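Input: a single structure, listed below in structure tokens.
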Amino acid sequence: MLRNGRPITEPGYVIIKLKSIKEKYKTSVKTLSSVIRFDETFVFYLAQPDQDVITLHVFFHKPRGGSREFHIGDACFSMATLYRGVTRRRIAPVVQSPGTKEARRAAQVEVLLQTDDFGKMMEPTKEEVEEESMRFKVLVKKFENGTPEMLHAVDVYMASNRADSSCSLVLTAQEHRA
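This is the structure in structure tokens:
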């Protein structure tokens with residue numbers, strides 16, 4: 001885990017705050033280590049699942065620093081492209097200074113996203129899952145190297161980009177019929 005581009009070497013604790021438009025949650029507090037396992041489940045009730053975003057805010061606490069939190073970074077996730085009843089595993093960058101030209105990877109987080117109430121009804125093929133995973137990794141590299149201000153929201157960008165391409169395919173098909 002990095003803070004201001006440097007590894008955090010002092011002892012401390014990590015907490016993740018999750019939020020959607022309507023809800024906020026916190027994970028339990030974990031001791032800083034190279035791999036931190038939270039293994040916690042949070043349920044969000046989304047008014048507009050195709051548009052709502054869930055943001056993870058990662059914080060570091062010093063053991064004797066009082067209640068002061070140091071913001072490590074953010075990662076945003078879209079629910080728009082989930083398949084109903086199918087878990088999506090995503091390893092995403094946690095980005096310091098998100099939304100700015102100075103944005104950079106500070107850590108990474110693995111999340112499992114699942115919905116039982118909305119989403120695509122058909123189960124994805126193995127090829128579709130692999131293609132989406134590869135597309136995500138390519139976009140992460142692209143944003144890290146060229147547009148760091150978008151790095152914290154790679155998953156959201158993928159969802160909006162996929163929705164746009166679906167619309168353009170429909171428009172193209174209609175143009176050919178005329």
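Sequential numbering from 1 applies to the sequence shown in the UniProt record's numbering.
The beta carbon of each residue, even a glycine, is placed where N, CA and C say it ideally should be.
As the structure is a prediction and not an experimental result, all values here were calculated from the model.
In the structure shown, residue 14 falls within a strand segment according to DSSP collapsed to helix, strand and coil. In the DSSP assignment, residue 89 falls within the unbroken beta strand (DSSP E) covering 88 to 96.
Secondary-structure assignment with DSSP links residue 54 through a beta bridge to 77. By the beta-carbon neighbour count (other beta carbons within 10 angstroms, threshold 16), residue 54 is buried.
Taking the Cβ atoms as the reference, residue 91 lies roughly 16 angstroms from residue 114, outside the contact range of under 8 angstroms. With fewer than 16 other Cβ atoms inside 10 Å of its own Cβ, residue 68 counts as exposed.
Between the segment 80 to 87 and the segment 22 to 34, the count of C-beta pairs closer than 8 angstroms stays below three; the two stretches do not touch. Going by C-alpha positions, residue 159 is about 39 angstroms away from residue 63. Boundaries of the alpha helix (DSSP H) harbouring residue 137: 126 to 145, taken from the DSSP string. Pairing residue 38 with residue 72 gives a Cβ-Cβ distance that is not under 8 angstroms. As DSSP reads the structure, residue 82 sits in no beta bridge. Taking 3 residues as the shortest admissible run, the segment 14 to 51 contains the following complete beta strand (DSSP E) segments, listed from N- to C-terminal end: 24 to 26. Looking only at 94, 134, 19 and 120, the smallest Cα-Cα distance to residue 87 is reached by 120.
Shown here, residue 159 sits in a helix according to DSSP, grouped into three states.
Residue 112 counts as exposed, since fewer than 16 other beta carbons sit within 10 angstroms of its beta carbon. Counting other Cβ atoms within 10 Å of its Cβ, residue 138 stays below 16 and is therefore classed as exposed.
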